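Sequence lines, in order, name chains A and B.
Numbering follows UniProt numbering, with no gaps: position 95 of the first sequence is 95.
Numbering follows UniProt numbering, with no gaps: position 19 of the second sequence is 19.
Note sheet for the following structure.
Protein chains: 2
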Amino acid sequence: MENNTEMMKGVLEGCVLEIISRGETYGYEITQQLRELGFADVVEGTVYTITMRLERNNLVDINKKPSTKGPPRKFYTLNAEGVEHLENFWEKWEFISNKINELKMKTNGKGEEI
Amino acid sequence: MENNTEMMKGVLEGCVLEIISRGETYGYEITQQLRELGFADVVEGTVYTITMRLERNNLVDINKKPSTKGPPRKFYTLNAEGVEHLENFWEKWEFISNKINELKMKTNGKGEEI
DNA sequence: GCCACTACTATGTTATACTAAATACCAGTA
DNA sequence: TACTGGTATTTAGTATAACATAGTAGTGGC
Numbered sequence: 001m002e003n004n005t006e007m008m009k010g011v012l013e014g015c016v017l018e019i020i021s022r023g024e025t026y027g028y029e030i031t032q033q034l035r036e037l038g039f040a041d042v043v044e045g046t047v048y049t050i051t052m053r054l055e056r057n058n059l060v061d062i063n064k065k066p067s068t069k070g071p072p073r074k075f076y077t078l079n080a081e082g083v084e085h086l087e088n089f090w091e092k093w094e095f096i097s098n099k100i101n102e103l104k105m106k107t108n109g110k111g112e113e114i
Numbered sequence: 001m002e003n004n005t006e007m008m009k010g011v012l013e014g015c016v017l018e019i020i021s022r023g024e025t026y027g028y029e030i031t032q033q034l035r036e037l038g039f040a041d042v043v044e045g046t047v048y049t050i051t052m053r054l055e056r057n058n059l060v061d062i063n064k065k066p067s068t069k070g071p072p073r074k075f076y077t078l079n080a081e082g083v084e085h086l087e088n089f090w091e092k093w094e095f096i097s098n099k100i101n102e103l104k105m106k107t108n109g110k111g112e113e114i
């Protein structure tokens, strides 16, 4: 699929939060998980700007650990605020995706259902 | 619901295309329809920037008609390219919203389903 | 005349994802 | 040793889209 970047705005950060919520992880691994999940062309730079933002907004705790495969990793876990933020994200997602699916389902005329 | 504007990026234009596809309509009416659909805080300025963009990208035909209630209205209909663009939008939406819902449904661990 | 509603336009701001490049650590190998 | 490739983070700059806000204009009712 071609260029989805605009449609990813506002949701990619939520996806990263969700991934972190499942267990301590770090930027490089998050990128790979996103790719496995089907967001094939998400690149590292994008994920790092998000994790940096999460740091700046105090939604994560940080834990630096050495790696046997390269430079040290910065592991993230969600703090209380992060968890709240994530719940909030899913509520927003539910709300908006429902609205859009409603719009999609409705037929012609001026609003009658199928 | 508070601030969803980032999450609307990339989808609002698609919603406007969808509304136009259901019959000739104009900016002010599109705004009201979006509000009725639940996108309560979409303002006129936003819709007009979208319709201007649709014009610029040649996705719509334009038909100016007088109104008994105010200044003339610019009625839009989708042209062939606009229809194609709309179909494309819904494909992207299906793709991305499915991915996100998959992510939402999966539990902890490293990828096992519930 | 004044106000409310209808209707469009234009300017500047902000947030977010992307591009691209630089840096760094380690292991294997020629 | 030097080189390559995979792992891992940082940062500077760009593009895009939605938003806020203000301005312009036409109509009808008080």
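Quick reminder that beta carbons are idealized off the backbone N, C-alpha and C, glycines included.
Quantities reported herein were computed from a predicted structural model and do not represent experimental measurements.
Chain order gives the chain B residues near A/G38 as K99, where near means a beta carbon separation below 7 Å. Bounds of the alpha helix (DSSP H) holding A/R35 are 27 to 36. A direct Cα-to-Cα measurement between B/E91 and A/K104 gives close to 11 Å. According to DSSP, A/N63 shares a beta bridge with A/F75. With respect to the C-alpha of A/V60, the residue from A/K69, A/A80, A/T31 having the closest C-alpha is A/A80. Ranked by Cα distance from B/H85, the options B/G10, B/K69, B/R53, B/L17 are led by B/L17.
From the listed residues B/R22, B/K74, B/G14, the smallest Cα separation to B/E87 is found for B/G14. A/V47 sits close to A/T31, with the two beta carbons spaced by under 8 Å.
In this structure, the straight-line span from the alpha carbon of A/K64 to that of A/Y28 is close to 13 Å. For A/V42, the CB contacts under 6 Å within the same chain, skipping 5 residues up- and downstream, are L34 in chain order. Of the residues assessed, B/I96 falls on the buried side of the cut-off, its CB having 16 or more other CB atoms within 10 angstroms. In this model, A/N3 and A/P71 are separated by some 32 Å (Cα to Cα).
Judged by DSSP in its simplified three-state form, A/R22 adopts coil rather than helix or strand. Under the Cβ distance rule, B/G10 counts among the residues neighbouring chain A, one pair being separated by less than 8 Å. For A/F89, the CB contacts under 7 Å within the same chain, skipping 5 residues up- and downstream, are G14, L17 in chain order.
A/E102 places its beta carbon 8 Å or farther from that of B/L54. Between B/K99 and A/E6, the gap from beta carbon to beta carbon reaches 8 Å or more. Residues Y76, L78 of the same chain have their beta carbon placed closer than 6 Å to that of B/I20, with the five preceding and five following residues left out of the count. Judged by DSSP secondary structure, B/T49 falls within the alpha helix (DSSP H) whose first and last residues are 44 to 56. The beta carbon of A/V83 sits closer than 8 Å to those of S21, all from its chain and outside the five residues before and after it, given in chain order. Within chain A, no residue has its beta carbon less than 9 Å from that of B/L78; the closest one is some 13 Å off. Using a Cβ distance threshold of 8 Å, B/R73 and B/Y26 count as a contacting pair.
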